[in-house]
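Participant: Protein chains in written order, with my numbering: chain A, 1 to 424; chain B, 1 to 393; chain C, 1 to 308.
The beta-carbon is built from N, C-alpha and C at its ideal position, and this holds for glycine as well.
These numbers were taken from a predicted model, which means no experiment stands behind them.
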Amino acid sequence: MRLPPLNVNVWQRGVPLLHEPLLTLPMVGLIALALIGMTLASIRLCTGLGYFSGMTDVYAWGIWKTFNVMTLTALGSGGLGVGMAAWVFNRAKLHIVMRTAILTSLILYTTGLVGILIDIGRPWNFYNILLPWRWNEHSAMFEIMVCMPVYAFIFLAFENLPTVLGRLSYTGDAAMRERIHRWMPRLRSIYPYMLAGAYLLPIMHQSSLGALMLAAGPKVHPLWQSQFLPLLYVFQAGICGLAFVIFTLLASCSYWHRPLDRDVLSELGRAMGLLTLVWAVIRIADIAVRGQITEALSLDFYSILFLCEFLLTLVPAVVLLAPEARSDPRTLFNMTMLIGISGMAYRFIPTTVAYRPGARTYYFPSVAELFIAMGLISIAIIAYLIAVKRFAVLPAPLSEWYETVHDLEPDHKGVAQHGHPTHH
Amino acid sequence: MLTQHRSTRVSIGQQLKAAGISRRTFLEFCTKLMVAAPFGLELTDKVHAQEVARVIRKARRPSVIWLHFQDCTGCTETLLRTSKPDLGELILQIISLDYHETLMAASGALAEKCRRDAMEENFGRYVLVVEGAIPQKDGGVYMKLAGKPALQVLEETAKGAAAIIAIGSCAAWGGIPSADPNPTGAVGVDDIIKNKPIVNIPGCPPNPYTLLGVVLQFASNGTLPALDDKKRPKFAFDRTIHDQCPRRPHFDAGQFVKQYGDEGHRHGWCLYELGCKGPDTHAGCSTRHFNEVVDAWPIGIGAPCIGCTEKHLAFRVPMFSVVPIHHAVPPDTYPPVHAEMGKQVSPLATAIVGGVAGLIAGGAIVASKRVELTVHGKAVEVTDEQQNRGPRS
Amino acid sequence: MSLVSRRTALKVLAGGGLGSLATGQSAQASEALPTPPADAVAMLFDSTICTGCKACVVACTDANNLPPDTKMSGGIWQMPLDLNSETKNIIKLCQDPAKPENFSFVKHQCMHCLDPACVSACPFHALNKGAKGVVAWDGSLCIGCRYCEVACPFEVPKFEWDRFNPKIVKCEFCNHRLKEGFEPGCTSVCPTGAVVFGKRDDLLTRAKARITDHPGRYFESRVYGEKDAGGTQVLYLSGAPFKSIGLPDVPQYSLAGYATSVHKFLYKWMLIPAAVYGLLVAIMRRRWKVHQVTAAREEAETGLKEQL
């Protein structure tokens, strides 16, 4: 077995931002939004869906299913994207941002699942999920309802366990630390199996999210409706996940004036760019094979929508092919935003904008619906803020780790300041 | 002429002749009567107008005492507002109107003497027509006739009446004087007189032909027409306005006036949504209009019916309140193949989405400008010692 | 170094992509029409005979104990605008506004497709195709996700939006009446025979006979529902274009098949997911071992433990 040369990666540590206060003004605003949203959601659970949304029989899915679940779980596929890049494709540098990726994934998946719970009309029948003889295995909806909770609450939670245990070891007493250090080897022994599942399951349900719109058949505009939807959705999940991780890192570290490793960012950008190019090729091939090129260039409303969404995805990916572009934070940020937003648009459009039911009708989310959606997003942001401030998530150089956390781990002997090893 | 005591010995035919009213005029009147009361009135249950005329002519002129209490005299006026023939003239030949405050020539003590004489002479045979409500509160002082409260006058006069006709909503059930809060305690005749046959002819005012039908039937064979549970003659009050309304096809087609003067109003559409009480009001106005002019009735001129004959509606339920329909009939409209569906787009919702989108865009632009990082050139620092040592197995 | 080289990975991806493309194409082209059940019941509606009397609407409301939808009339009479949570059957009017003498009435209700998209979409078989091919809804299984509404190309299932305990409401062929040997409510009251009840084969034969007997009367000289959406158990004959009377342009194969063909192939006996899992586990074990060894070595050399 050939081992990599021994290097001490000065970026080997995640660090909590312990000096940042938890309750800031933006946090208060977010808490208010979250409370409003969740109050409305609880009331909605006690009344009919019609009162709190603009959904009708023609547009049976409002923004909770199509945005909070379909689109935001794409953003929450950072765990999948970074995980596969770091482990399966052996991009070792990306391990340092793994914790950020899996944290954002867990948060976005959880709020997405809460969104599903709010959205379904007869939640008391959900127990049927435990009775296999009642399953309709061919239904994409069923697949999502089983796969997403299992992934989020078993595999993704497991992936995030070390972060939590890390904090427990800082804040707990010696007995707690002893217990944790005893359990760690056992956890480590099942890591490969859990991680394998943590990459298989998102591929399955992200593709099922795409397969959902297959059932609508001719109701989805032909520029989007294709049997490739599942494949394209999976790729787009990876792309959006990576984009969101880059965005989170850049935004957080810029906001709190923290350093970031340029190489890591560049690597993430490269992964995202390559994935986007593959996605673009598949998309164009799909359009061509189904004979929709003329449709795509016809410049009616749908054609323009398609071109915007496609070009806004493709052009930034091409830009990011250049290493200089990837290393410049500003360019990376801008291109990431474009790719992320057009990726979200790609996931969102077939469910609403390109969904053309027969009746002459219209749909726009109601105010309550918007507030519930914003409430869920606020909860996600609040959870993220608390997590990065009190848990060791954001990457930092060893020196910072020393200054903040090292004192809390007294059994770390022998490593001097500035990350240089002492000599035994 | 009108107040001749002996006039009640004369038959109607003789009186008509003496008054110079032609046969033709009288036949016209009888035809009108037959049209006004086609069913339920024995008098007009004949084949020809001539038959009706013959029966009436043989009858003796009934003595009628007409009392006015809390009224506006509208019911009297309605009797007089006819022209072809001059029904007022005609009526006054057919009946011997022995006491009528508006029409009689006498007044004061002489008028009262007429009343007492008519009562004495025709005791047990005269028809008492009451117009206006009777106040009961405070001993009935709110309406006095010759110094006596209306209550007393009524009870006195009713003693010798063969039948009492309460004409107008006020006499029938209290009318306008009885509207909330009914400060005078106004009630109709049948709340006071319990031992005499009473015919209620509500309306504000009622159609004059209803009164005529009742009086003439009484005059010709001494009977009153069939009455409903509110003592109203069935031949005039057994149907609702809605059942015979000329605007009914518009109701059935769902064509409603929404506002006075709108397009529908100009086209004569149904007035149900303006609060027309037609569906709940028993009266004959939809077929027998007023003043002998076609369409001279409230709905005909575009004003919703106020239900003036009904105690539970008139002057009680606001004019523009819609009444329930008791017998619905399906419309003949169809939904289009692609109906426009969808909830109203709330402008607040679009504002929120626009605002949030703007915030995100603005935030992104600002963030992009401020993305400044201190980054290390390399991720890895390799010490010299390690470099020399090389990889371990 | 890595178990799976970049080249191999790309090859696998491309192969998988092309594979699903091929499967997808073949799924569309060679999808056989679903076979109707042996005792499939059917309705035949001929819009050239329908007079728009709406007796079927009233009969349906009666037979199914539904409250009449009186919203449009202010509570007076039944005037639904479309199929909804109180209306399982409706008569609509298609009229050319420029030439009002050109009109056609159409009856809308569930098409009871041979391979329903709603049945394949429903996660817990709440909508299922039962005896005689009737597509019915079971409240004890439904979670109210409304996927059936998205899936149905005819937009038939309707949801009770304003109730705490919402049902999916749609025509169920008067199942309760069929069980006792009666016809569905609508067909039993049609005065002109515009909608008739019978076995699907019989009605299809009758419909085709009608087309042959009256050439040029029926649009495209075909029966809508013979093959549309893979075939339905409610057949339509129309003088006006199908699209104008609200019968959408659906492909001549089953939409459920289109939606699930790739899924069925990929998840058959969970072979492919298991294989992928096995591959991932193999890769991960290799990586993990490298990681463990590297971390141990690092700790030995520098005293720096890996972070938890």
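1) Identify which residue in Cys204(B), Pro183(B), Ala158(B) has its Cα closest to the Cα of Lys137(B).
2) Mind listing the chain A neighbours of Ser140(C)? Cutoff is C-beta to C-beta under 8 Å, in chain order.
3) Between which two residues does the alpha helix (DSSP H) carrying Met111(C) extend?
4) Helix, strand or coil: which one does DSSP assign to Ile318(C)?
5) Measuring CB to CB, does Asp69(C) end up less than 8 Å from Glu86(C)?
6) Do Ala219(B) and Arg60(B) have their C-beta atoms within less than 8 Å of each other?
7) So Pro335(B) contacts chain C; which residues on that side make the cut at Cβ distance below 9 Å?
8) Applying a beta-carbon distance threshold of less than 8 Å, which residues of chain A neighbour Thr350(B)?
9) At a cut of 8 Å, does the segment 131-150 of chain C reach the segment 31-44 of chain C through at least three beta carbon pairs?
10) In the segment 115-144 of chain A, which residues sit with their C-beta less than 9 Å from some C-beta in chain C, listed in chain order?
11) What first and last residue would you give for the alpha helix (DSSP H) that runs through Met43(C)?
12) For Arg13(A), which three-state DSSP category applies?
13) At 3 residues or longer, what runs of the beta strand (DSSP E) sit wholly inside the segment 104-154 of chain B?
14) Exposed or buried, which one is Pro123(C) when buried takes at least 16 other CB atoms within 10 Å?
15) Which first and last residues belong to the alpha helix (DSSP H) in which His68(B) is found?
16) For Trp401(A), which residues does DSSP report across the bridge?
17) Grab me the residues of Val220(A)'s own chain with a C-beta within less than 8 Å of its C-beta, minus the 5 sequence neighbours each way, in chain order.
18) Are the segment 335-343 of chain B and the segment 192-203 of chain B touching by the rule of at least three beta carbon pairs closer than 8 Å?
19) Applying a beta-carbon distance threshold of less than 9 Å, which residues of chain A neighbour Asp249(C)?
20) What's the gap between the Cα of Leu265(A) and the Cα of Ile144(A)?
21) Count the other C-beta atoms from every protein chain shown that fall within 10 angstroms of the C-beta of Leu127(C), then say buried if there are 16 or more, exposed otherwise.
22) Within the chosen definition, does the segment 55-63 of chain A reach the segment 374-388 of chain A through at least 3 CB pairs nearer than 8 Å?
23) Rounded to the nearest angstrom, how far is the Cβ of Thr232(C) from that of Cys53(C), given a contact under 8 Å?
24) Please identify the residue among Gly254(B), Ser178(B), Ile299(B), Val10(B) whose C-alpha is closest to the C-alpha of Arg57(B).
25) For Ser378(A), name the three-state secondary structure that DSSP assigns.
26) To which residues of the same chain is Pro304(B) closer than 6 Å at the C-beta, ignoring the five residues directly before and after it?
27) Taking any Cβ of chain B, which residues in the segment 245-269 of chain A have a Cβ under 7 Å from it, in chain order?
28) Helix or strand or just coil, what does DSSP make of Thr35(C)?
29) Pull out every residue of the segment 34-60 of chain A whose Cβ sits closer than 8 Å to any Cβ of chain C, in chain order.
30) With a threshold of 8 Å, are at least 3 pairs of Cβ atoms found where one atom belongs to the segment 66-83 of chain C and the other to the segment 222-230 of chain C?
31) Gly29(A) CB to nearest chain B CB: under 8 Å?
32) Compare the C-beta of Thr24(A) against all C-beta atoms of chain B and say whether one is closer than 8 Å.
33) Using a C-beta to C-beta distance shorter than 7 Å, which residues of chain B count as neighbours of Ser120(C)?
34) Would you mind sorting Asp300(A) into buried or exposed? The rule is 16 or more other CB atoms within 10 Å of its CB.
35) Comparing the C-beta of Ile325(B) with each C-beta of chain C, is any distance below 8 Å?
36) Would you report the Cα separation of Gln15(B) and Ala158(B), rounded to the nearest angstrom?
Facilitator: With the given structure in hand:
1) Pro183(B)
2) Asn125
3) Segment: none, Met111(C) is in no alpha helix (DSSP H) and carries neither H nor E.
4) Since the first residue of chain C shown is 1 and the last is 308, residue 318(C) is not available in this structure.
5) Their beta carbons are under 8 Å apart, which means Asp69(C) touches Glu86(C) by this criterion.
6) yes
7) For Pro335(B), the chain C residues whose Cβ falls inside 9 Å of its Cβ are Met72, Met79, Pro80, Leu81, Asp82, Ile90, Ile91, Lys92, Leu93, in order along the chain.
8) Phe364
9) yes
10) Going along the segment 115-144 of chain A in chain order, one finds Ile116, Asp119, Ile120, Gly121, Arg122, Pro123, Trp124, Asn125, Phe126, Asn128, Ile129, Leu131, Arg134, Trp135, Asn136, Glu137, His138, Ser139, Ala140, Met141, Phe142, Glu143, Ile144 with a Cβ nearer than 9 Å to chain C.
11) It is not in any alpha helix (DSSP H) - Met43(C) instead sits in the beta strand (DSSP E) that spans 41-46.
12) The answer is strand: DSSP assigns Arg13(A) an E or B state.
13) Taken in chain order, the complete beta strand (DSSP E) segments of 3 or more residues contained in the segment 104-154 of chain B are 126-131.
14) buried
15) Note, His68(B): premise wrong, no alpha helix (DSSP H); beta strand (DSSP E) at 63-68.
16) None, per the DSSP bridge assignment.
17) By the criterion of a C-beta distance shorter than 8 Å, Val220(A) is surrounded in its chain by Met213, Pro350, Ala354, Tyr355, Arg356, once the five residues flanking it on both sides are discounted.
18) no
19) Pro218
20) 32 Å
21) buried
22) no
23) Not really, about 24 Å apart at Cβ, beyond 8 Å.
24) Val10(B)
25) Reduced to three states, the DSSP call for Ser378(A) is helix.
26) By the criterion of a C-beta distance shorter than 6 Å, Pro304(B) is surrounded in its chain by Leu271, Leu274, Gly275, Cys276, once the five residues flanking it on both sides are discounted.
27) Contacts with chain B (Cβ-Cβ distance below 7 Å) from the segment 245-269 of chain A involve Leu250, Ala251, Cys253, Ser254, Pro259, Leu260, Asp261, Arg262, Asp263, Val264, listed in chain order.
28) coil
29) Cys46, Thr47, Gly48, Leu49, Gly50, Tyr51, Met55, Thr56, Asp57, Val58, Ala60
30) Short answer: they don't touch.
31) no
32) Closer than 8 Å to the CB of Thr24(A) there is not a single CB belonging to chain B.
33) Near Ser120(C) there are no residues of chain B at all, since even the closest Cβ is about 26 Å away, more than 7 Å.
34) exposed
35) yes
36) 27 Å
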